[in-house]
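*Asks:* My structure is below; once you've seen it, I'll send some questions.
In the numbering used here, the protein residues as written are 38 to 129.
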């Protein structure tokens, strides 16, 4: 059951990573006027999130269980940061 949940999470994480990668040069969050620091942060964030997504897919086959858990926890942290940034920067 754990392996199935990890595979589902890895696919979802990779999908979100692919989305951020495709929109890394666009304003994929509805930001009012992004500062240069925020733009730089989002670019680095897109690279990091894509890397974690790829590692989550590869890790299911090649890495031991403890390494998969580290990757998944790091991916969950990045997803939380993504949600917080999008909530604080959206036009309401």
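We treat Cβ as the ideally placed atom computed from N, Cα and C, and that holds for glycine.
Any idea what DSSP makes of residue 119, helix, strand or coil?
*Replies:* If DSSP states are grouped into helix, strand and coil, residue 119 belongs with the helices.
*Asks:* Taking all protein chains shown into account, decide if residue 52 is buried (16 or more other Cβ within 10 angstroms of its Cβ) or exposed.
*Replies:* It counts as exposed.
*Asks:* Using a Cβ-Cβ cut-off of 7 Å (strictly less than) and excluding sequence neighbours within five positions of residue 92, which residues of its own chain qualify?
*Replies:* Excluding positions up to five away in sequence, the list reads 108.
*Asks:* To the nearest angstrom, how far is it from the Cα of residue 55 to the Cα of residue 102?
*Replies:* Cα-Cα distance, rounded: 24 Å.
*Asks:* Would you report the Cα separation of residue 41 and residue 80, rounded to the nearest angstrom?
*Replies:* Their Cα atoms are separated by approximately 31 Å.
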